[in-house]
Structure formats: C-alpha cells, structure tokens
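Given below as structure tokens:
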C-alpha cells in the first residue's frame, strides 16, 4: 500500500457537523411534532434547495441544474475528463415526513466533500452530490420523477404535464421556484453512484447491525383482485346456498402471504386495501375488492409468487364457482446493484469496524434509476422502529456518522486518490 | 266430522283479488324500477294506512289504533268475549323495498275476511288483522317498533323518542300523520297469532316447495371484532417481522363460517362488514375491524358458536401475539313458535295439497314479539331468488294464493266455526 491510500483510509467525516446540517435543513418545513413537511416544488422546497446549494458553493462546489430540476453539485478532480463519482438522494419530503429520508443521502454527500476539503484531499475523478426532483411523489406522480426522467424511464414532457390536486403542473411549479435548468436530463455522465439512506424497515434494528449492504431493490407486482359472489341476507340464507365473496377472498388473501413465505427470505406478500360490497353487518358480501402487493429480490421469484397466487385463485374458482379477477396494476422490475459497488460497501464497513449485513431495499430509491446508467450501490443505516414517512422518523447520530464514513470510503476508492 | 267443518275445509280465498290489492297498495310509493318506497311515518305511509283501513271498513271491520300507531282491524265472531285470532304484518317498506314484504301478510289477512264475508262464514272467536308500526327500522330504530312496544320489549317513551337523520321524532311524525290512537299498547288481547310472509331467503325456491312451515326464528348474536397489529411499509418489512392484522383477521373470519357449518343445518356465520386501517396498497394493515353475525335455531347452539369463535381468537392471540377484541353489539334470543300453531300450519298445507317443509326464519318479524304474548306461527312462501329489501323482490301469484289459503284454514281452525 502506498502512502495516500493509508491516509484516506484513516479519514473520518465530522459526525457533529453532518448532524447539525440535518437539523438545520429540517428547520425548513419543520412540523410541531418534530417532522418535516417540505413537499416537492413548493416555496419550502425552494428554500431547501437554496440552502443546500449555498452550502455547496460555500464548500467550493459548482452547481448545475437540468430541465427537470435535478441539481448536481460538483467538486472537481485532478482529471475532470473522467465521469464523476456521484452520490445523492432527495430533499423533498412526505406531507408528514421526517428529517432523514432523502436528506441524509444529500447531506452525507456534502459532508464527504467538506471532509475532503478540510483535509486537503484531492481525488482523481470529480465528485458530485445530486439531489433529484420529487422523489416522494406525494404531490406529483410518478414518484422518483427527477431520476426517472434522467434515466429515460419516462419523458420530460410526461413529467412536466403531471398536476397536483389543485391542477398546478410540474412545469409551472418548477418554473415558479426557479429550478428549471438548461441541461438536458440524462446528458450528465456518471462514473458510479452511491446513495446512503435510512433503511425504512426494521431489519437492521432488529439484528442490531449498523450498516446494511444493499444488494438490490425488490421487484414489485401490484394487482387489483375482485371476487364476485352474490349478496344475500345473512339470516334467511343457509350456509349451503351462499356465494360469500369474503369467504373466498380470505383464502386468497392467506395464499398471498403463504406464497411469499415459500419464497423467502426476500419474498413479500401484502394485502393492504380491502373493500366489501355492500359492507353491511347482516348482508353476505356479494363482492370483495382487494389489493395484492408481491415483492422479491429477483423477477423470477416474484413472478413465481404471481403464478402461485393465480393458480390458487383458479382452484378456488373451480371449487366455489365464484369468479375471481386479478388485474395487474403496476410492475417494477427488480434492480440488483453492481457487484463492484456492493463489494466496495462491504469492504468499507469491514475496514471501519462497523457491524454489517447484506440486505435488500423493499422501497424505491433514486439509486434504482441511477443503476440503469452506471454501477450503483446503496448504504442503509437503521432507523427507529423501522418507521419512515412519519414525523416520528428517527435515526441515531452514531449510525448517521457510520453510514457517511462508509460513503466517504467507497467514493474515495472509486474516485481514486 | 260435522257439516260446518267440511264446508270451511273447502273454502278457498280469491287469489286474483288478493293479487290486485297487493298491486293497488304498491302504487303508493311505487318506484320506477317496480319496487315500493313507503317509509314508516311518512305521508306515503299515511296514504297506505288510509287505504288499507278503508278496505277494512268496506269489509265491515272496525278499526282501533294504539298509542304507537299499531292498527287492529276486527271482524266480530259469535262470541266476542273470546280473544281474537289475529294475523298481520306491516305495510312500511325499505327505501328500495318491494311489493310483498309485510304487505302480503296484511292483505292476506284482509283477503281471509273478504272470503269469509263472501261465503257468509261466521267464526266463534273474532278475527283481527293487524299492521304494526315501523317494522323495517330503516328510518327509526329499533326495528319491529310497534310490535316491540306492544310486547313490552321496550317502552313507548323509548320508541317515541327515536329520531330520524333529520332529527324528527317518532312521536311527532306519528302525530303528524294522525295515527296516534288511544289504546295502550299491549292492552289488546290475542288468542293466537299467525303471519304469512315471503321467505326472504332461497330455501323454498331451491327445494321447489310452496309452503314453509316456520318452526321458529333464529337466535342472533352480533359482535364487533378488532384485531390490532402494527402498520408498516409493505416493501422494507420482511414477513418474519410483520404484525399483519389482516392475516390474523382472515383466519378468524374463516372460523366464523366454519363454526356455523359445524352446527348445521340452521347455523349461520357471516362477516358482512370489514374496515382496514390505514387501508393503503403498500402498507401492512395495522388494524382490522369487522362484524360477526352468528345465528342458530336455539340459543344453546348459537352460544356454542360464540364460544368456539372466542376460543379460536384466544388461540390466535397466543400464536401471533396480536390483540383481538370481540365486543357484543346485540343479542336476540331464539323464538320457537307454538307447537299447536306449527302443527296447524303443517296440517293445513297437507290438506290443501301444497308441498311443504319445516323451516326457520333467519330474519326478524312482528310474529316474534306476538309469540311472547300468545301462541303464534308463521307461513312462508317462496320469493324469487330469495331476494327481498330490493325493488326486484318478486313472488308468484300461485304461491301468494297458497299461503293465504293456509292462513284461512289455520285461522278458521283456531277461531272455530
């Protein structure tokens, strides 16, 4: 090993400074219950964007904005012809969001730069910190809008045309807050992409592990299911003459979970939404509609779950005579992260002495779209009770620090020193 | 056998006249879809009451009204010191009701009187036809209000104080339509009580049987059940760390049905109403509330079902750690009808050559309250597809006629000729 490598391996970020930046940014849109409401393309979003870009400029970074409002904050390298090693996330929040979701990924990137500046460390490739427009999707759909346009998942025009409940469009609101840039989305090279994020689930906390090495994002299939029987009065209708839609539906709801359990450890099966007709105490349900959410770490596995649920429904129809319709609503392919990035995160956590475990992301992140364009990886840290999208969302300062130290190491390794 | 008995056994009602009266009464509150909307204590209810009492007076009957608006239409006997043999039902309907529910029982009684008049048949005891106030309970609760007050199930003041959604009270509305009588409810002797009614279920039609000999009314227990788990994001939460309230609830919903099937043929178990929280596609349900409706022909049997469902819930709680709360909402005791009345209906159906079978009533009827005061029985006829409380409610003229002929025979037998 040569001297510069030894130096950077000993480099540590300033956890207190990062924590203070998180708390400062959380003041913009702070809610009485300790959360943050800073919805995409509102005045508060602008204030957040203005603060973060000011911090970036204070750290000597240049700032470019693309046409969908994605912001790239750049620290030059020795060889600026190389594509940048990028990190990032988002600073928009849910209406009753927390301080960490997204914001952590952006400010961890800024802290990496501040640390490099402080210690006068140059990198071979440039380093960039991005924040992507409207990741949350709570005001405008689709979610992960900025990174999605960037990756060509859908068009700029499609995103521009999206409107909120008041009829205001993304185009108009982005213009209003002054964040329509010149750069064509996607016309921005990325050498590699890393994103730090709170886990938004209970696995790391439950296992008492500091770093989740994210291998990929689960493939998702969403369905609407309708079971149709015959509504009838609960009193005069004997059991043998019933066509009870709920009794058939509950069997299928159990299969949704059973199938996920057969395809563990990453199989997920959830029925989150149920609607009965007529939904009256003394009427046998004539129709039950419910949602099915199936996820797994590979598309082959999730499609196996889909096939099993469909086959079970067909058997139920044969047995009961009730019709069961299962309609696909949405499909998101599984996105494995790049082996080199996954290994880099593992090595960094190990070197730094942090407990770590392989994990998957069950939720969407901007890194999914970035992974379509460049080698990508994610670093998870625990969050309290696995809760996010909630004002009580919380994370421990030592985990915040640890995740950022891992990020520093992998970016340095990838950018070269 | 003596001569008068032979004569009355050959007596038959006039089916066309009865059908025509049903169609005439159905004009008051007729809906475009062929149903009837004649809700209790509305102007239309008054018009219906006025028409039926006019028909009664035309048939030589006297009319008395009690303080809750129950109407008793009387044909004297030879011995008017004897308590009357009574029949009746109700003429109020559901908002989207049909032509037969209730109305059939009242007009069948009127047709019995018309038939006796036509053939100059005297009875020993007087005969009365009653219609009871607000059987349906769709505007004012409790249901079966008039017969309930009459039988002392609840007080006149309680009934008077009931209000509709606009805040109008039973007392005011009954006064407004001019149907507050002088008679104290319950101060009206009954020698025996019979009620003809459409079945409101599919059993007779399914068995292709004309007359249902009703042995009694099912006991009912209503519960609200709440299963409490922990809501969590469907993506990042692995199956092993979930506390999915719906997956526990669906097992209990299946036991509600399974327990009813174990206590056949009259056991009933229904989950008619389900509510999830937060009821979102990608959130594991944190809480599920649902109704449980258990019925059986004896209270011992229905209480056995209750015990099994509760025991199952306790086992589920032990297995899963999720809390399950089961709260009693209402309890209606089973009401067997009087053996003499049941036998009389059976004999009459047999003598008349109608196919018949023993059956139970799963729904409430005024006869339940009358049975607390006097020997009582009910006569069911099939209705199309078992449907009632619906504008498509329908019954066949030959069944309408048959049920009324049975009523004629049992009333003559009981009143004496």
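Protein chains in written order, with our numbering: chain H, 1 to 417; chain P, 1 to 417. C-beta atoms are modelled at their ideal positions from N, C-alpha and C, and glycine is treated no differently. This one's a predicted model, so the numbers in the text were calculated from it and none came from an experiment.
| request: Examine chain P for any beta-carbon lying closer than 8 Å to the beta-carbon of residue 331 of chain H, and answer yes or no. | output: Against the first chain, residue 331 of chain H aligns to sequence position 331. So, not an interface residue.
| task | Quick one: which residues of the stretch 157-174 of chain H get their C-beta closer than 8 Å to a C-beta of chain P? List them in chain order. | result | Answer set for the stretch 157-174 of chain H: empty.
| task | Kindly say whether residue 92 of chain P, judged by its beta-carbon, lies nearer than 8 Å to any beta-carbon of chain H. | result | Numbered from its first residue, the second chain carries residue 92 of chain P at position 92. With 8 Å as the cut-off, residue 92 of chain P does not count as an interface residue toward chain H.
| request: Consult DSSP for residue 289 of chain P and reduce its assignment to one of helix, strand or coil. | output: Taking the second chain and counting its residues from 1, the one referred to as residue 289 of chain P is at position 289. Note: residue 289 of chain P maps to strand in three-state DSSP.
| message | Cβ closer than 7 Å: which chain P residues qualify as neighbours of residue 377 of chain H? | response | Taking the first residue of the first chain as position 1, residue 377 of chain H is located at position 377. Result: empty, since nearest Cβ-Cβ is about 17 Å, beyond 7 Å.
| message | Going by DSSP, what residue range makes up the alpha helix (DSSP H) through residue 309 of chain P? | response | Within the second chain, residue 309 of chain P is the residue found at index 309, counting from 1. 299-320 is the span of the alpha helix (DSSP H), which, as asked, contains residue 309 of chain P.
| List, in order along the chain, the chain B residues whose C-beta lies closer than 7 Å to that of residue 285 of chain H? | Within the model displayed, chain B is absent; protein chains H and P are what it includes.
| Check whether residue 293 of chain P and residue 218 of chain P have beta carbons under 8 Å apart | Here residue 293 of chain P corresponds to residue number 293 of the second chain, with the count starting at 1. Here residue 218 of chain P corresponds to residue number 218 of the second chain, with the count starting at 1. Against a cut-off of 8 Å, the Cβ pair of residue 218 of chain P and residue 293 of chain P comes out as no contact.
| Is it buried or exposed for residue 2 of chain P, if we count other Cβ within 10 angstroms and need 16 for buried? | Taking the second chain and counting its residues from 1, one reaches residue 2 of chain P at position 2. Because the pLDDT at residue 2 of chain P is just 46, under 50, the model does not fix this residue reliably, and the value given afterwards should be weighed accordingly. When all chains shown are included, residue 2 of chain P counts as exposed.
| Cα-Cα separation, residue 100 of chain P to residue 394 of chain P | By 1-based counting over the second chain, the position of residue 100 of chain P is 100. By 1-based counting over the second chain, the position of residue 394 of chain P is 394. Approximately 7 Å, taken between the alpha carbons.
| request: Would you tell me roughly how many angstroms separate the C-alpha atoms of residue 291 of chain P and residue 250 of chain P, rounded to the nearest one? | output: Counted from its first residue, the second chain places residue 291 of chain P at position 291. Counted from its first residue, the second chain places residue 250 of chain P at position 250. So the two alpha carbons sit approximately 12 Å from each other.
| said: Between which residues of its own chain and residue 310 of chain P is the CB-CB distance below 7 Å, once the five residues before and five after are set aside? | reply: Taking the first residue of the second chain as position 1, residue 310 of chain P is located at position 310. 326, listed in sequence order.
| message | I'd like to know if the stretch 71-88 of chain H and the stretch 107-119 of chain H are in contact, where contact means that at least 3 CB-CB pairs between them fall below 8 Å. | response | yes
| So residue 411 of chain H packs on residue 127 of chain H, CB below 8 Å; how close in whole Å? | Counted from its first residue, the first chain places residue 411 of chain H at position 411. Counted from its first residue, the first chain places residue 127 of chain H at position 127. That pair is a contact at about 6 Å.
| query | Hey, is residue 144 of chain P's beta-carbon within less than 8 Å of any beta-carbon in chain H? | reply | Locating residue 144 of chain P in the second chain gives position 144, where the first residue counts as 1. Taking Cβ atoms only, chain H never reaches closer than 8 Å to residue 144 of chain P, which makes this a no.
| said: For chain P, check one thing: does any of its Cβ atoms lie closer than 8 Å to the Cβ of residue 233 of chain H? | reply: Here residue 233 of chain H refers to the residue found at position 233 of the first chain. Judged by the 8 Å Cβ criterion, residue 233 of chain H is in contact with chain P.
| Pick from H:24, H:333, H:55 that is closest to residue 129 of chain H, judged by C-alpha positions | Locating residue 129 of chain H in the first chain gives position 129, counting from the first residue. Ranking the options by Cα distance to residue 129 of chain H, first place goes to H:55.
| field | Nonlocal neighbours in the same chain, by C-beta distance under 8 Å from residue 268 of chain H, ignoring five residues either side | value | The residue labelled residue 268 of chain H in the question sits at position 268 within the first chain. Correct list, in chain order: 218, 260, 293, 294, 295, 296, 362.
| request: Over the uninterrupted beta strand (DSSP E) stretch that includes residue 327 of chain H, give me the two end residues. | output: Within the first chain, the letter at position 327 stands for residue 327 of chain H. Its beta strand (DSSP E) spans residues 323-332.
| Beta-carbon separation of residue 404 of chain H and residue 196 of chain H under 8 Å? | To locate residue 404 of chain H, count along the first chain from 1; it is residue 404. To locate residue 196 of chain H, count along the first chain from 1; it is residue 196. Between residue 404 of chain H and residue 196 of chain H, the C-beta gap is smaller than 8 Å, which places the two residues in contact.
| task | For residue 250 of chain H, return the contacting residues in chain P, with the cut-off set at a CB-CB distance below 7 Å. | result | Against the first chain, residue 250 of chain H aligns to sequence position 250. Result: 250, 253, 254.
| At which residue ranges does the stretch 61-131 of chain H contain complete alpha helix (DSSP H) runs of 4 or more residues, listed in the order of the chain? | 103-118
| Distance between beta carbons of residue 376 of chain H and residue 104 of chain H, contact taken as under 8 Å | Within the first chain, residue 104 of chain H is the residue found at index 104, counting from 1. Within the first chain, residue 376 of chain H is the residue found at index 376, counting from 1. Not confirmed; about 17 Å, so no contact.
| How is residue 224 of chain P classed by DSSP in three states: helix, strand or coil? | What you label residue 224 of chain P is simply residue 224 of the second chain in a count that begins at 1. Here residue 224 of chain P sits in strand by DSSP.
| task | Label residue 236 of chain H either buried or exposed according to how many other C-beta atoms from any shown protein chain fall within 10 Å of its C-beta, with 16 as the threshold for buried. | result | Numbered from 1 along the first chain, position 236 holds the residue referred to as residue 236 of chain H. The residue is buried, with at least 16 neighbouring Cβ atoms inside 10 Å.
| said: On the DSSP letters alone, give me the boundaries of the alpha helix (DSSP H) that residue 343 of chain H sits inside. | reply: By 1-based counting over the first chain, the position of residue 343 of chain H is 343. Residues 339-352.
| request: Output, in sequence order along the chain, the residues in the stretch 285-312 of chain H whose CB is closer than 7 Å to any CB in chain P. | output: 285, 291, 293, 295
| request: Drop a sphere of 10 angstroms on the beta-carbon of residue 23 of chain H, count the other beta-carbons inside from all chains shown, and report buried for 16 or more, exposed for fewer. | output: The residue labelled residue 23 of chain H in the question sits at position 23 within the first chain. Result: exposed.
| message | Strictly under 8 Å for the Cβ-Cβ distance: is residue 279 of chain H near chain P by that measure? | response | On the first chain, position 279 is the one that residue 279 of chain H refers to. Closer than 8 Å to some Cβ of chain P, the Cβ of residue 279 of chain H qualifies, so yes.
| task | Kindly indicate which three-state DSSP category residue 194 of chain H falls into: helix, strand or coil? | result | The residue given as residue 194 of chain H occupies position 194 in the first chain. Residue 194 of chain H: strand per DSSP, three-state reduction.
| said: Suppose the cutoff is 6 Å on Cβ atoms and the five residues either side in sequence are ignored; what does the same chain contact list for residue 330 of chain P look like? | reply: Position 330 of the second chain, counted from the first residue, corresponds to residue 330 of chain P. A distance below 6 Å between beta-carbons, with the five flanking residues on each side excluded, links residue 330 of chain P to the following residues of its chain, in chain order: 222.
| task | Return the CA-CA distance between residue 28 of chain H and residue 94 of chain H, expressed in angstroms with no decimal places. | result | As a first step, residue 28 of chain H must be located in the first chain, where it is residue number 28. As a first step, residue 94 of chain H must be located in the first chain, where it is residue number 94. Each residue's Cα considered, the two are about 13 Å apart.
| query | Along the chain, which unbroken stretches of the alpha helix (DSSP H) at least 4 residues long are found entirely within the stretch 6-40 of chain H? | reply | Segments of the alpha helix (DSSP H) lying fully in the stretch 6-40 of chain H: 15-26.
| said: Can you confirm whether residue 196 of chain H, when its beta carbon is compared against all beta carbons of chain P, has any partner nearer than 8 Å? | reply: Within the first chain, residue 196 of chain H is the residue found at index 196, counting from 1. No, no contact with chain P.
| Other residues of its chain near residue 398 of chain H: CB distance less than 6 Å, five sequence neighbours each side excluded | The residue given as residue 398 of chain H occupies position 398 in the first chain. Within the same chain, residue 398 of chain H has no close Cβ partners at all.
| Residue-chain proximity (residue 30 of chain H, chain P), Cβ-Cβ < 8 Å | As a first step, residue 30 of chain H must be located in the first chain, where it is residue number 30. No, its Cβ sits nowhere closer than 8 Å to a Cβ of chain P.
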